[in-house]
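Trainee: Numbering (this note's numbering), first residue to last: 19 to 242.
My structure is below; once you've seen it, I'll send some questions.
Have a look at this one:
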């Protein structure tokens, strides 16, 4: 019960956050202007909280909500191509109830996993400024402190990896796809982000992607 209350308090703070004027203005503008394919939909247009299993052993740290994905649907990795890759790989490895994540209330639920991001507002060109990342870092820190059972942190992309390293005070670590190491009670695994830029160019193949989660599942199984 305490965990639920802690998350409720934190999530209310995140949703109301206006620390970054550039981002607050951008997500509100996107929510009003929209794009043609979603012109009939109401956009969320506010900072996004993390979500998932409060007793999770796996934490996924992404970059930011997508302008017409999470910023539209109100849930991270929901309603866009990156979310398609995340939902499918989680489902296939037993960490989600279904292979698609399209909208709130669609039945998609995480099992033993929690999803969050380095920054809670969609940034222009997917490029947050350093001060914006710094402003958001306290939210990730609070989430990790509330999630007592995390054993594995999967960092999606270099920004997610750098945010994680900064939070945990890890010095000198270099980002590389498939890299893993133990730090304290956590095992940190890094992967390319499942963005269109990576998946459509072949920089991140489905095998490379799913191998990350097969590895995480194996580590958890061996720890029991």
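In this text, a Cβ means the ideal position worked out from N, Cα and C, and glycines have one as well.
1) Identify whether residue 121 lies in helix, strand or coil by the three-state DSSP scheme.
2) Span of the alpha helix (DSSP H) holding residue 178?
3) Is the region 53-60 in contact with the region 160-180, if contact means three or more CB pairs nearer than 8 Å?
4) Tell me which residues share the same chain as residue 121 and place their Cβ nearer than 7 Å to its Cβ, disregarding the 5 neighbours each side in the sequence.
5) Tell whether a beta-carbon distance below 8 Å holds between residue 243 and residue 234.
6) From this set, 108, 72, 211, 139, which residue's C-alpha is nearest residue 154's C-alpha?
7) May I ask you to report which of helix, strand or coil DSSP gives residue 114?
8) Can you give the Cα-Cα distance for residue 42 and residue 242, rounded to whole angstroms?
9) Taking the alpha-carbon positions, what's the residue 28 to residue 135 distance?
10) So the candidates are 99, 202, 196, 24; which of them puts its Cα closest to the Cα of residue 68?
11) Which residue spans inside the region 152-228 form an unbroken beta strand (DSSP E) run of at least 3?
12) Counting C-beta neighbours from all protein chains within 10 Å, is the total for residue 63 16 or more, i.e. buried, or is it exposed?
13) Using the beta-carbon count (16 or more within 10 Å), is residue 194 buried or exposed?
14) Tell me where the beta strand (DSSP E) around residue 295 begins and ends.
15) With H, G and I counted as helix, E and B as strand and the rest as coil, what does DSSP make of residue 70?
16) Return the CA-CA distance between residue 203 and residue 94, expressed in angstroms with no decimal places.
17) Here's a check: name, in chain order, each residue in its chain whose Cβ is nearer than 8 Å to the Cβ of residue 125, leaving out the five neighbours to either side.
Mentor: Once the coordinates are examined:
1) As a working note, residue 121 is residue 103 in the chain shown. Coil.
2) For this step, residue 178 is matched to residue 160 along the chain shown. Residue 178 -> alpha helix (DSSP H) spans 176-186.
3) no
4) Residue 121 sits at position 103 when you count from the first residue of the chain shown. So the list reads 91, 96, 97, once near-sequence residues are dropped.
5) No statement about residue 243 is possible, as the shown extent of the chain runs from 19 to 242 and does not include it.
6) Start at 1 with the first residue of the chain shown, and residue 154 comes out as number 136. The residue with the shortest Cα to Cα distance from residue 154 is 139.
7) The sequence position of residue 114 within the chain shown is 96, counting from 1. Three-state result, residue 114: strand.
8) Your numbering for residue 42 matches position 24 in the chain shown. Your numbering for residue 242 matches position 224 in the chain shown. Residue 42 and residue 242 have their C-alpha atoms roughly 43 Å apart.
9) Residue numbering aside, residue 28 sits at position 10 when the chain shown is read from its first letter. Residue numbering aside, residue 135 sits at position 117 when the chain shown is read from its first letter. Their backbone Cα atoms lie some 14 Å apart in a straight line.
10) Stepping through the chain shown from its first residue, residue 68 is reached at position 50. The candidate whose alpha carbon is nearest that of residue 68 is 24.
11) 170-174, 198-201, 204-209
12) As a first step, residue 63 is located in the chain shown; it is residue number 45 there, counting from the start. Result: buried.
13) The count along the chain shown starts at 1 and reaches residue 194 at position 176. Classification of residue 194: exposed, given that the 10 Å Cβ count is below 16.
14) The structure shown does not extend to residue 295, since the chain is modelled only from 19 through 242, so no value can be given for it.
15) Locating residue 70 in the chain shown gives position 52, counting from the first residue. Residue 70 falls in the strand class under three-state DSSP.
16) Here the question's residue 203 lines up with position 185 in the chain shown. Here the question's residue 94 lines up with position 76 in the chain shown. Whole-angstrom Cα-Cα distance: 26 Å.
17) Here residue 125 corresponds to residue number 107 of the chain shown, with the count starting at 1. Same-chain partners within the cutoff: 115, 116.
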